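Going down the list, the protein sequences come from chains A and B. Quick note: the first sequence uses the working numbering, first residue 16, plus one each step. Quick note: the second sequence uses the working numbering, first residue 395, plus one each step. All residues carry an ideal CB built from backbone N, CA and C; glycine is no exception. Note that the coordinates shown come from a computational prediction; the quantities given were computed from them, not determined experimentally. Here's the structure we're looking at; comments come further down.
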Amino acid sequence: MKRLLALVCLSSLVVAALVAPGVGAAKPVLKVGTSADFPPFEFQDEKTGEYLGFDLDLIRAIGDAIGMDTQIVNTGWDGLIPGLMTGNYDCIASAMTITDERLKAVSFSDPYFSAGQVVVTMAKDTKIKSVSDLEGKSISVQIGTTGDLVASDIKGVTVKRFNLAPDAIQELRNGASHACIIDLAVASQIAREYKDIKYGAPFTMEYYGIAINRSNTGLLKKINRGLAMVKASGKYDEIYDKWFAGN
Amino acid sequence: MVLDFSIIPGIMPALMTGAKMTIELAAIAVAIGLVIGSFAGIARVSGNRVVKIIAGTYVDFIRGTPLLVQLFLVYFGLPTLIHRPVPAFMAAIVAMGINSGAYVAEIVRAGIQSIDKGQTEAARSLGLTSAQTMRYIIFPQAFRRIIPPLGNEFIAMLKDSSLVSVIALEDLLRKGQVVITRTFRPFEVYAVVALIYLVMTLAISKLVSWSERKLRTVG
Chain A
16 MKRLLALVCL SSLVVAALVA PGVGAAKPVL KVGTSADFPP FEFQDEKTGE
66 YLGFDLDLIR AIGDAIGMDT QIVNTGWDGL IPGLMTGNYD CIASAMTITD
116 ERLKAVSFSD PYFSAGQVVV TMAKDTKIKS VSDLEGKSIS VQIGTTGDLV
166 ASDIKGVTVK RFNLAPDAIQ ELRNGASHAC IIDLAVASQI AREYKDIKYG
216 APFTMEYYGI AINRSNTGLL KKINRGLAMV KASGKYDEIY DKWFAGN
Chain B
395 MVLDFSIIPG IMPALMTGAK MTIELAAIAV AIGLVIGSFA GIARVSGNRV
445 VKIIAGTYVD FIRGTPLLVQ LFLVYFGLPT LIHRPVPAFM AAIVAMGINS
495 GAYVAEIVRA GIQSIDKGQT EAARSLGLTS AQTMRYIIFP QAFRRIIPPL
545 GNEFIAMLKD SSLVSVIALE DLLRKGQVVI TRTFRPFEVY AVVALIYLVM
595 TLAISKLVSW SERKLRTVG
């Protein structure tokens, strides 16, 4: 009898849980995967633990525009796409460049940011001026980034792949690599912190997109619509100025 | 998500180079650990108080902090102190060797303490010095007893060596991660990586039980 009672209780709980989202006025939740180690695009506030950055402000604005609450899921960069494919979150907003290779695995929204890779060297370095000077050198990068993919294609180089962008820069500053290939925006942020490094002009042109599971075409349309709305309303410019003013 | 194991043959060469690195790291680290650990282990049971305290502090510090943190300290911390880069491989074997030494020290200490007191008393009454007693009587007997736990230590080190991925050394796990960032096939790649680790650790435990049989004395 006790067992039967327990079963009844349990099943009513399950039913309640299933029905609940439809009952309340709560907005649907958009789960956003990000690798919060890439300031100013995405990072975690040291004191409050809050997730901040250009990408996250943008995806929150898109969420507002399409009537969804956003929930940030912080994951290591190399696990981002696999996590999207297994359904740990609905989309990725993490300064992710739209590449042919990635398009084989996921869909991308319309581009929302144009960026480029730069070569970062020590300020006193006079030998490395451009990417063509990197042949046979050792280059530190963040694993799986566009910088990693570009560096891996240069002839005779040793690519040192780190989990975090700051580790790749530290490798350079420790004298253990000749150069570091990284996104322009990240380089400019880090160069403000460390005066002993410098970087050249971008040598690639690339576009960031929001990655979505390929089977989820409904969400892709919604996010594209939201992005267009955020751009049209001037909210995009507002967020852009907040993070990149003065650059 | 559909599984696709057809990518495996293409990535095996990369994984095998990684496996080679993993074995090298673990073997060198355990060799260093064996030397440091034997001295530290004997020091732990020594009559000299200063030596005892130094060895005890070493063991406490190393066992009380994560190997990952020790790796970061050697690789990213040390260069800022000595003003020159520490090569990643060097940093890895130094950190892993010192780490392994602390665990080996405890294994050696336990091995020595497991030998009956009568052995020491007999050796000393035959006129051997305490150093000679340790060298010829106690340590050889203790060594046989510590073979199995040493095998465990080697297996543990082989698995812990996967931590070196954070300092850009491309061991087995790291090679797998690099492949994943190109193929987006985490399950297939990690499954193969796990299988290769398993083959390596099983081989070591076979080797350990073989040497145990070899060293077994009759009577």
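| field | Contact set between A/Arg176 and chain B, taken where Cβ atoms lie within less than 9 Å | value | In chain order: Ser559, Ala562, Glu564, Arg568, Gln571, Val572, Thr575.
| Three-state secondary structure (DSSP) at A/Glu57? | A/Glu57: strand per DSSP, three-state reduction.
| Nearest to A/Ile212 (by Cα), restricted to the options A/Thr219, A/Phe218, A/Gln204 | When each option's Cα is compared against that of A/Ile212, the closest is A/Gln204.
| Mind pulling the alpha helix (DSSP H) runs of 4 or more residues that sit fully within the segment 533-607 of chain B? | Counting only runs of at least 4 residues, the segment 533-607 of chain B fully encloses the following alpha helix (DSSP H) elements, listed from N- to C-terminal order: 533-554, 566-577.
| message | Assuming contact is defined by CB atoms lying nearer than 8 Å, are B/Ile405 and B/Val573 in contact in what I supplied? | response | B/Ile405 places its beta carbon less than 8 Å from that of B/Val573.
| query | Can you name, in chain order, every residue of its own chain whose Cβ lies under 6 Å from the Cβ of B/Lys414, other than the five neighbours on each side? | reply | So no residue of the chain qualifies.
| field | Within chain A, the residues that B/Pro580 reaches when beta carbons sit closer than 7 Å | value | Ordered by position in chain A, the residues that pass the 7 Å Cβ test against B/Pro580 are Pro97.
| Proximity winner among A/Ile197, A/Gly98, A/Val47, relative to A/Ile74 (alpha-carbon distances) | Of the candidates A/Ile197, A/Gly98, A/Val47, the one whose C-alpha sits nearest the C-alpha of A/Ile74 is A/Val47.
| From A/Ile238, A/Leu242, A/Asn178, A/Ile197, residue whose alpha carbon lies closest to that of A/Thr112 | Looking only at A/Ile238, A/Leu242, A/Asn178, A/Ile197, the smallest Cα-Cα distance to A/Thr112 is reached by A/Ile197.
| query | chain B beta carbons: is any one of them nearer than 8 Å to that of A/Thr189? | reply | Looking at the sequence shown, residue 189 of chain A is not Thr but Asn. Output row for A/Asn189: interface = yes.
| query | To which residues of the same chain is B/Ile456 closer than 6 Å at the C-beta, ignoring the five residues directly before and after it? | reply | Hits under 6 Å: Asn493, Ala496.
| field | Beta carbon proximity, A/Gly78 to chain B, threshold 8 Å | value | For A/Gly78, no Cβ of chain B is located within less than 8 Å of the residue's own Cβ.
| message | Would A/Asp52 and A/Ala180 qualify as a contact pair, given that the criterion is a beta-carbon distance under 8 Å? | response | Annotated as proximal: A/Asp52 and A/Ala180, with beta-carbon spacing under 8 Å.
| message | Taking CB distances under 8 Å as the criterion, tell me whether B/Phe433 reaches chain A. | response | Not an interface residue.
| query | Looking at B/Ile549 and B/Ser599, is the spacing between their C-beta atoms short of 8 Å? | reply | Closer than 8 Å, so yes.
| query | What residues are listed by DSSP as bridge partners for A/Glu221? | reply | DSSP lists A/Ala130 as partners of A/Glu221.
| request: Evaluate A/Val38 with the Cβ neighbour count: other Cβ atoms within 10 Å of its Cβ, from every protein chain shown; 16 or more gives buried, anything less gives exposed. | output: Unreliable positioning characterises A/Val38 in this predicted model, as indicated by a pLDDT of 47, which lies under 50. The coordinate reading is nonetheless provided below. Exposed, because fewer than 16 other Cβ atoms sit within 10 Å of the Cβ of A/Val38.
| field | Beta-carbon neighbours of B/Phe399, restricted to chain A and to distances below 8 Å | value | Within chain A, no residue comes near B/Phe399; the closest Cβ sits about 16 Å away, beyond 8 Å.
| field | Start and end residues, beta strand (DSSP E) containing A/Tyr214 | value | Its beta strand (DSSP E) spans residues 212-214.
| message | On the DSSP letters alone, give me the boundaries of the beta strand (DSSP E) that A/Thr85 sits inside. | response | The continuous beta strand (DSSP E) containing A/Thr85 extends over residues 84-89.
| query | Along the chain, where does the beta strand (DSSP E) that runs through A/Gly48 open and close? | reply | That run of the beta strand (DSSP E) goes 44-49.
| task | Indicate whether at least one CB of chain A lies closer than 8 Å to the CB of B/Phe483. | result | Chain A, which has no Cβ nearer than 8 Å to the Cβ of B/Phe483, makes this no.
| query | Buried or exposed: where does B/Val424 fall if 16 or more other Cβ atoms within 10 Å of its Cβ makes it buried? | reply | Burial call: buried.
| request: Output yes if chain A places a C-beta closer than 8 Å to the C-beta of B/Phe470; else output no. | output: Closer than 8 Å to some Cβ of chain A, the Cβ of B/Phe470 qualifies, so yes.
| query | Nearest-angstrom Cα distance between B/Leu467 and A/Arg188? | reply | Going by the C-alpha atoms only, they are around 16 Å apart.
| query | By how many angstroms is the C-alpha of A/Ala216 removed from the C-alpha of A/Leu199? | reply | A/Leu199 and A/Ala216: Cα-Cα distance of roughly 8 Å.
| When you compare each of B/Gly412, B/Val602, B/Asp554, B/Asp510 to B/Ala489 by their alpha carbons, which one comes out closest? | Ranking B/Gly412, B/Val602, B/Asp554, B/Asp510 by CA distance to the CA of B/Ala489 puts B/Asp554 first.
| message | Would B/Arg529 and B/Arg438 qualify as a contact pair, given that the criterion is a beta-carbon distance under 8 Å? | response | Between B/Arg529 and B/Arg438, the C-beta gap is not smaller than 8 Å, which leaves the two residues out of contact.
| message | Cutting at 7 Å between CB atoms, please list the residues of its own chain near A/Asn103, excluding the five before and the five after it. | response | The residues are Gly48, Val88.
| request: Just mark A/Trp92 as buried or exposed, buried being the case when its beta carbon has 16 or more other beta carbons within 10 Å. | output: Flag for A/Trp92 reads buried.
| field | Within chain B, the residues that A/Ala120 reaches when beta carbons sit closer than 8 Å | value | Going along chain B in sequence order, the residues near A/Ala120 (Cβ under 8 Å) are Phe578.
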